[in-house]
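If you want my numbering, it's the 1-based position in the sequence shown plus 37.
We put the CB at the ideal spot given by N, CA and C, even for glycine.
Have a look at the structure below before the remarks.
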Amino acid sequence: MKKIILVAFIIIVHMSSAQTVGIELFAQGLVQPCEITHAGDDRLFVVEKGGTIKIVNVDGSVNSTPFLTIPASQLSFGFERGLLGLAFHPQFATNGYFFTCYTKSGDGAVVISRYSVSNNPNIADPTSRIDILTIPHPVTDVHNGGTLRFGPDGYLYIGIGDGGWPPQNASNITSNLGKMLRIDVDNPSNGMPYSCPETNPYRFSLGNDEIWAMGFRN
38 MKKIILVAFI
48 IIVHMSSAQT
58 VGIELFAQGL
68 VQPCEITHAG
78 DDRLFVVEKG
88 GTIKIVNVDG
98 SVNSTPFLTI
108 PASQLSFGFE
118 RGLLGLAFHP
128 QFATNGYFFT
138 CYTKSGDGAV
148 VISRYSVSNN
158 PNIADPTSRI
168 DILTIPHPVT
178 DVHNGGTLRF
188 GPDGYLYIGI
198 GDGGWPPQNA
208 SNITSNLGKM
218 LRIDVDNPSN
228 GMPYSCPETN
238 PYRFSLGNDE
248 IWAMGFRN
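Listed below in structure tokens is the structure:
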């Protein structure tokens, strides 16, 4: 009898604490959004695969003028291609730098570029583009990766897919495909717009200096 009362009590408590979850529309008018991030304030930056970055304000309104539009002629499109990633520099408030990842027209290579914001904080300067890193990619339009994040160490982490074929790309230490890359965008070196941290696993051995971790599909 005591067990029955205990079970009944647990059921009643569970029912009384149950919550209803609903979905509420916050912003609309976005086309193929594939990334949402922020610049350290209350704005949301939404990446659209077609090449546009839009700002969503705290009230859900979307700015009529995009933050950045990368021309379609500069991009290659496909199932998993287009503009794929966005990350703001940890010191964006003072240096105005942000980084994008997209697939390049023609050969489909994955390109990491740096841009600067213009005098208008809601609009980037498209002429400020500097290509940081270009990673050749197979002709397939899948497994490009594309996510960018700055770590607490201040380095830029780049997720790159294995390209879909051949499958051993992810385990090939002389290929940046199928890897998590880690680079230092604040300290250019050897004529490149970045350097590789000394603690990257292949920094002083056979293998690409940019590799931080390996063996990833997408």
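Check, Outcome
"Could you give the C-beta distance for ARG118 and ASP79, rounded to a whole number, given that I count them as a contact under 8 Å?", "31 Å between Cβ atoms; not a contact."
"Run through the stretch 91-179 for me and flag every whole alpha helix (DSSP H) of 4 or more residues, listed as ranges in chain order.", "129-132"
"Is it buried or exposed for GLY183, if we count other Cβ within 10 angstroms and need 16 for buried?", "buried"
"With a threshold of 16 other CB atoms inside 10 Å of the CB of GLU72, please say whether the residue is buried or exposed.", "buried"
"With DSSP run on the structure shown, which of helix, strand or coil describes SER226?", "strand"
"Quick one: what's got a C-beta closer than 7 Å to SER226's C-beta in the same chain, skipping five residues either side?", "SER232"
"Tell whether a beta-carbon distance below 8 Å holds between PHE136 and GLY77.", "no"
"How should GLY97 be labelled, buried or exposed, when 16 other C-beta atoms within 10 angstroms of its C-beta is the threshold for buried?", "exposed"
"If I measure Cβ to Cβ from LYS216 and keep anything under 6 Å in the same chain, skipping five residues before and after, which residues do I get?", "ILE197, ILE248, MET251"
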